[in-house]
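Structure record follows, encoded as structure tokens.
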Amino acid sequence: MNSYKHTDIQQTDLFLQHQCSLVACGQGVKRGERVAISLLPGKGDIHSPVGGKVSYVDAYRITIVAENNDVVAPVNLDGLPGDDLKRKLLELGGDIPDADSVSTVIINGVDADTDVLTRQHMLTSSSGTLERGLAAITVLYTPRETVLATLPGIQLSLPEVLRSIISDQYPAGLDPMVVKAVTGKESPEDTVIIGLETVYHLGRIMETGLPVLDTILTVNGRGKTVPIGMPVGELLRLEGDHVLDQDRIVLGGVMRGTAAVMVSQGVDRTVSAVSIVRNPTPVAMDAACVGCGECVRRCPARLDPAMLTNYAEFGMYDKAAKEHVNACFECGLCGYFCIARRPMLQYIRLAKNELAVAQRQIEEVVTS
Ligand code: SF4
Ligand code: SF4
Numbered sequence: 062m063n064s065y066k067h068t069d070i071q072q073t074d075l076f077l078q079h080q081c082s083l084v085a086c087g088q089g090v091k092r093g094e095r096v097a098i099s100l101l102p103g104k105g106d107i108h109s110p111v112g113g114k115v116s117y118v119d120a121y122r123i124t125i126v127a128e129n130n131d132v133v134a135p136v137n138l139d140g141l142p143g144d145d146l147k148r149k150l151l152e153l154g155g156d157i158p159d160a161d162s163v164s165t166v167i168i169n170g171v172d173a174d175t176d177v178l179t180r181q182h183m184l185t186s187s188s189g190t191l192e193r194g195l196a197a198i199t200v201l202y203t204p205r206e207t208v209l210a211t212l213p214g215i216q217l218s219l220p221e222v223l224r225s226i227i228s229d230q231y232p233a234g235l236d237p238m239v240v241k242a243v244t245g246k247e248s249p250e251d252t253v254i255i256g257l258e259t260v261y262h263l264g265r266i267m268e269t270g271l272p273v274l275d276t277i278l279t280v281n282g283r284g285k286t287v288p289i290g291m292p293v294g295e296l297l298r299l300e301g302d303h304v305l306d307q308d309r310i311v312l313g314g315v316m317r318g319t320a321a322v323m324v325s326q327g328v329d330r331t332v333s334a335v336s337i338v339r340n341p342t343p344v345a346m347d348a349a350c351v352g353c354g355e356c357v358r359r360c361p362a363r364l365d366p367a368m369l370t371n372y373a374e375f376g377m378y379d380k381a382a383k384e385h386v387n388a389c390f391e392c393g394l395c396g397y398f399c400i401a402r403r404p405m406l407q408y409i410r411l412a413k414n415e416l417a418v419a420q421r422q423i424e425e426v427v428t429s
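For this note's numbering, add 61 to where a residue sits in the sequence shown, where the first one is 1.
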């Protein structure tokens with residue numbers, strides 16, 4: 062089977078991070094109804110994957126039990142000008158990076174993690190949807206040029222899109238590395254980079270007039286179309302994998318993925334892969350840094366990961382910001398090589414998240 066359907070979902074937990082719930086416990090929802098609004102610029106909202114009833118809500122998750130096949134009506138997006146199209150696409154769950162005066166749009170079609178094949182699968186299976194997404198991106202950014210970055214050997218031509226071939230050596234496929242490879246510059250102001258899955262999701266919205274309701278991800282080494290909100294445990298069960306007590310379910314590639322919080326956690330549109338790590342040992346722990354310097358030597362962003370993670374560990378997020386924690390592109394190499402097995406990437410993501418929350422609170426005070 063190459064695809065799953067929303068009827069495979071009996072109950073789902075939608076996790077919130079920088080979103081605010083719009084629904085209350087006991088409320089009925091249709092499939093595609095907006096249930097949470099994004100609090101971050103450029104990030105799309107969240108919608109119910111099924112028709113049913115909200116059974117639990119808190120600041121971190123919404124639980125929805127499937128009861129029926131009621132679905133929202135599609136929206137006509139044809140001919141909308143850039144600003145109106147952007148507002149509608151964000152409401153419908155599209156992610157649209159904020160950028161002014163864009164000269165170059167880079168579409169990142171490289172699966173950076175070697176165990177993930179999602180973007181390759183999208184390129185070979187969904188050219189029509191990608192063309193619709195690219196057309197929307199052209200209306201949104203009106204760039205001078207659009208460049209598709211891929212690994213060698215991908216046979217695909219998209220109208221009016223240039224090609225750039227990227228090395229398959231990790232972490233060459235991560236966004237900042239691709240930008241440098243394509244433009245020759247680090248963080249050029251007139252360039253925006255967009256992941257291929259975002260183009261796919263925008264294309265699906267344009268095709269259907271409905272919110273983002275499905276995605277493509279890698280399961281058991283193969284690309285699968287999966288409804289957003291599909292519980293990860295159920296997805297693995299349908300694949301014939303049984304999750305045991307000591308196992309971890311990994312969302313994303315093994316270098317940069319995160320552990321699922323619970324088996325009922327629904328996949329969201331950022332998840333590129335789902336896999337099981339059986340009985341993981343040894344486990345990363347809050348061990349002290351021994352000052353070996355290996356992480357500093359390995360960091361391709363030329364940061365000091367030991368210092369950043371020490372600041373994050375002790376809640377000194379402002380100091381982490383001064384040491385450019387937001388320049389980290391989350392390759393995971395520091396944690397991979399840390400001989401003390403410190404959870405480096407997790408500390409760095411914690412600092413970034415806390416800084417984003419603090420920034421949002423400042424902006425809310427300024428605008429209120
Ligand atoms: S994850 Fe670690 S090694 Fe990679 S860019 Fe960030 S700090 Fe550097
Ligand atoms: S690799 Fe680990 S132990 Fe070595 S300096 Fe970095 S954080 Fe410290």
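All C-beta atoms, glycine included, are put in the ideal place defined by N, C-alpha and C.
All of these numbers come straight from a predicted model, not from anything done at the bench.
**Prompt:** Does DSSP put T252 in a helix, in a strand, or in coil?
**Reply:** Here residue 252 refers to the residue found at position 191 when the sequence shown is read from its first residue. Residue state, collapsed to three classes: strand.
**Cβ-Cβ separation, I70 to V111 (assumed contact under 8 Å), whole Å** = Taking the first residue of the sequence shown as 1, we reach residue 111 at position 50. Taking the first residue of the sequence shown as 1, we reach residue 70 at position 9. Indeed they touch by this definition, with Cβ atoms about 5 Å apart.
**Message:** Quick check: is any heavy atom of ligand 1 less than 7 Å from the C-beta of G313?
**Reply:** Numbered from 1 along the sequence shown, position 252 holds the residue referred to as residue 313. Flag unset: Cβ of G313 not near ligand 1.
**Asked** What are the complete beta strand (DSSP E) segments, minimum 3 residues, inside the region 111-161?
**Response** 112-118 and 122-129
**Asked** Where does the unbroken alpha helix (DSSP H) through L184 begin, and where does it stop?
**Response** On the sequence shown, residue 184 is found 123 positions in, with the first residue counted as 1. Run containing L184: T179 to S186, per the alpha helix (DSSP H) assignment.
**Prompt:** Which residue comes first and which comes last in the beta strand (DSSP E) that contains E425?
**Reply:** Reading the sequence shown from its first residue, position 364 is the one you call residue 425. No beta strand (DSSP E) holds E425; the alpha helix (DSSP H) holding it covers M405 to T428.
**Item:** At least 3 beta-carbon pairs within less than 8 Å: the region 398-406 vs the region 268-277
**Value:** no
**Request:** Take N169 and list the residues in its own chain whose beta-carbon comes closer than 8 Å to its own, dropping the five residues that flank it on each side.
**Result:** The count along the sequence shown starts at 1 and reaches residue 169 at position 108. Excluding sequence neighbours, N169 sits near R180, A210, G234, D236, V239, I254, I255, G256 and L257.
**Request:** Please confirm whether any heavy atom of ligand 1 lies closer than 7 Å to the CB of G393.
**Result:** If you number the sequence shown from 1, residue 393 lands on position 332. Yes, since a heavy atom of ligand 1 falls inside the 7 Å radius drawn around the Cβ of G393.
**Asked** If we ignore side chains and look at the alpha-carbon of each, how far apart do Q407 and E300 end up?
**Response** Sequence index remark: in the sequence shown, residue 407 carries index 346 (1-based). Sequence index remark: in the sequence shown, residue 300 carries index 239 (1-based). Spanning the two alpha carbons is a distance of roughly 29 Å.
**Prompt:** Between which two residues does the beta strand (DSSP E) harbouring P288 extend?
**Reply:** One-based indexing of the sequence shown puts residue 288 at position 227. Per DSSP, P288 belongs to the beta strand (DSSP E) from R283 to P288.
**Request:** Would you kindly check if the distance between the Cβ of S325 and the Cβ of T68 is under 8 Å?
**Result:** Against the sequence shown, residue 68 aligns to sequence position 7. Against the sequence shown, residue 325 aligns to sequence position 264. Not in contact: T68 and S325 (Cβ atoms no closer than 8 Å).
**Bridge partner(s) assigned by DSSP for P292** = Looking up residue 292 in the sequence shown gives position 231. Note: P292 sits in a beta bridge opposite G327.
**Prompt:** CB V304 to CB V328, shorter than 8 Å?
**Reply:** One-based indexing of the sequence shown puts residue 304 at position 243. One-based indexing of the sequence shown puts residue 328 at position 267. No; because the gap between Cβ atoms is not below 8 Å, this pair is not in contact.
**Item:** L312 and V332 closer than 8 Å at C-beta
**Value:** Numbered from its first residue, the sequence shown carries residue 312 at position 251. Numbered from its first residue, the sequence shown carries residue 332 at position 271. Result yes, Cβ atoms of L312 and V332 sit closer than 8 Å.
**Request:** Mind checking who V90 pairs with in its DSSP beta bridge?
**Result:** Locating residue 90 in the sequence shown gives position 29, counting from the first residue. DSSP lists G113 as partners of V90.
**Item:** For M62, three-class secondary structure by DSSP
**Value:** Numbered from 1 along the sequence shown, position 1 holds the residue referred to as residue 62. With a pLDDT of 49 at M62, under the threshold of 50, the predicted position of this residue should be treated as unreliable, and no value is reported.
**Asked** If P341 and R317 are in contact, beta carbons under 8 Å, what's the gap, nearest whole angstrom?
**Response** Residue numbering aside, residue 341 sits at position 280 when the sequence shown is read from its first letter. Residue numbering aside, residue 317 sits at position 256 when the sequence shown is read from its first letter. That belief does not hold up - the Cβ atoms of P341 and R317 are roughly 16 Å apart, past 8 Å.
**Message:** Please output, in chain order, the residues near ligand 2 using a CB cut-off of less than 7 Å to any non-hydrogen atom of the ligand.
**Reply:** That query returns the following residues: C350, V351, G352, C353, G354, E355, C356, V357, P366, A367, T370, C395, F398, C399, I400, A401, R403 and M405.
**Coil, strand or helix - V311 by DSSP** = Position 250 of the sequence shown, counting from 1, holds the residue named residue 311. Looking at V311 - three-state DSSP - the assignment turns out to be strand.
**Asked** Can you tell which of M183, T428 and A97 has the C-alpha that lies nearest to the C-alpha of D275?
**Response** Translated into positions along the sequence shown, residue 275 becomes position 214. Of M183, T428 and A97, the residue nearest in Cα terms is M183.
**Message:** Under 7 Å: does the beta carbon of L184 sit that close to some heavy atom of ligand 1?
**Reply:** Your numbering for residue 184 matches position 123 in the sequence shown. No; taking the cut-off as 7 Å, the Cβ of L184 has no heavy atom of ligand 1 nearer than that.
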